[in-house]
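Before any comments, here is the structure.
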Amino acid sequence: HGNYWAPADTFGRANVSHGCVGLRDDKGGGSDTPAGWFFDRSLVGDVVEVVHSKDRTVAPDNGLGGWNMKWQRWKAGSAVK
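Now the structure itself:
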């Protein structure tokens with residue numbers, strides 16, 4: 009989501025979230041900010057990879073972590089064979 013309340017130097021440098029991937033934005037949004045640029049060019053289902061996090065990986069069974077398992081493991085538990 010867009011974040012207009014954090015100082016600009018926070019993004020990409022400080023862990024100030026409880027799991028959200030906040031992007032710099034202006035109050036009210038707009039296409040000329042990083043958040044606006046991303047949302048104008050992305051679709052539901054696009055993969056977002058968070059790197060260098062010191063937190064644990066999201067569990068695959070919580071409904072949000074399907075991308076956190078290897079393809080073979082995912083395929084073994086699905087209708088795809």
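Numbering (the working numbering), first residue to last: 9 to 89. In this text, a Cβ means the ideal position worked out from N, Cα and C, and glycines have one as well.
Checklist entry - With DSSP run on the structure shown, which of helix, strand or coil describes ASN11? => result Taking the sequence shown and counting its residues from 1, one reaches residue 11 at position 3. Correct three-state label for ASN11: strand.
Checklist entry - From SER35 to GLY20, what distance separates their C-alpha atoms? => result In the sequence shown, the residue the question calls residue 35 occupies position 27. In the sequence shown, the residue the question calls residue 20 occupies position 12. Here residue 35 turns out to be Lys, not Ser, going by the sequence shown. Near 20 Å, if we compare the C-alpha coordinates of GLY20 and LYS35.
Checklist entry - Looking only at DSSP bridge pairs, what is ARG81 linked to? => result To locate residue 81, count along the sequence shown from 1; it is residue 73. Beta-bridge pairing links ARG81 to no other residue.
Checklist entry - Which residue comes first and which comes last in the alpha helix (DSSP H) that contains ASP48? => result Here residue 48 refers to the residue found at position 40 of the sequence shown. Element bounds for ASP48: 42 to 49.
Checklist entry - Taking C-beta to C-beta, are GLY44 and ASP33 nearer than 8 Å? => result Counting from one through the sequence shown, the residue named residue 44 turns up at place 36. Counting from one through the sequence shown, the residue named residue 33 turns up at place 25. Their beta carbons are under 8 Å apart, which means GLY44 touches ASP33 by this criterion.
Checklist entry - Under the rule that 16 or more other beta-carbon atoms within 10 Å means buried, what is GLY38, buried or exposed? => result Taking the sequence shown and counting its residues from 1, one reaches residue 38 at position 30. Under this definition GLY38 is an exposed residue.
Checklist entry - What distance in whole Å lies between the Cβ atoms of VAL29 and VAL90, which are believed to be in contact at a cut-off of 8 Å? => result In this structure the chain extends from 9 to 89, so residue 90 is not present and cannot be described.
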